[in-house]
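Numbering (this note's numbering), first residue to last: 3 to 239. A virtual CB, placed ideally from N, CA and C, is assigned to each residue, including glycine. I have placed the structure first, in the form of structure tokens, so that the comments after it can refer back to it.
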Ligand code: ZN
């Protein structure tokens, strides 16, 4: 049997699929990966992305942080792609128990998924650090310098910065879902960004499927590997 047919058969037989996705899921919607440093980037910013989106940099130079954030991390107006849509359909059909994502764009929810564990937070949630008021992503996008609430407090995106810890509740829910999964699909990630690799170790089954354009250090642990674009695979499922 060809790999794709095996994969389809496993999906048919599953009732608690977990999908673990990285930046590759979003780039196919046209959203650039903010971790990738392109030529344009180096002309505009004096520091690598890992430095700018750290907690200490955010506190030291918030206006600089928000200039990077608006330009590189807050791409609004993008739409879910075929992968987001198929995953939402599986959840409605009772086949998929959770999406665990490293992305912060909210596209899984926009496609209709409900159980989405966002390890790195979401640009769609922004709160005043003084009064706690909610602010939209558009508000942050359209503000200038450091976004300020009407009370005068700083509005901080609910996005996990380097040097910050991940939300414990989100981690626990992800671990539970992965440890109970009958099929684990890991896609669009090289598994080098913390805590991806650690989380998939909680999977106990023997149907681990890896989909990534490039090889990953985990290919040899997977039961099926596809080095193709996600769209190519998911449009056939
Ligand atoms: Zn406020």
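* Beta-carbon spacing of residue 234, residue 209 below 8 Å -> no
* Taking DSSP as the reference, what is the three-state secondary structure of residue 107? -> coil
* Length at least 4, wholly inside the stretch 30-79: the alpha helix (DSSP H) runs in chain order -> 41-46, 51-54, 57-62, 64-70
* Asked: CB-CB under 8 Å to residue 2, same chain, minus the five flanking residues each way: which ones, in chain order?
  -> No answer is possible for residue 2: the residues shown for the chain start at 3 and end at 239.
* To do: Pick helix, strand or coil for residue 119, following the three-state DSSP scheme.
  => strand
* Any heavy atom of ligand 1 within less than 6 Å of residue CB: hits in chain order -> 130, 132, 133, 135, 151, 153, 155
* Return the bridge partner residues of residue 150 from the DSSP annotation. => 156
* **Start and end residues, beta strand (DSSP E) containing residue 23** => 19-23
* Asked: Do you know whose CA, among 152, 200, 122, lies nearest residue 159's CA?
  -> 122
* Assigned exposure category for residue 167 - 16 Cβ within 10 Å defines buried -> exposed
* Leaving out the 5 sequence neighbours to the left and right, which residues in its chain are closer than 6 Å to residue 191 when beta-carbon positions are compared? -> 24, 198
* **Residue from 228, 85, 96, 75 whose Cα sits closest to the Cα of residue 16** => 96
* To do: Buried or exposed for residue 30, please, with buried defined as at least 16 other CB atoms from any protein chain shown within 10 angstroms of its CB.
  => buried
* Keeping to the same chain, check which residues put their C-beta closer than 6 Å to that of residue 86; ignore five residues upstream and five downstream. => 109, 110, 113
* Asked: How is residue 86 classed by DSSP in three states: helix, strand or coil?
  -> helix
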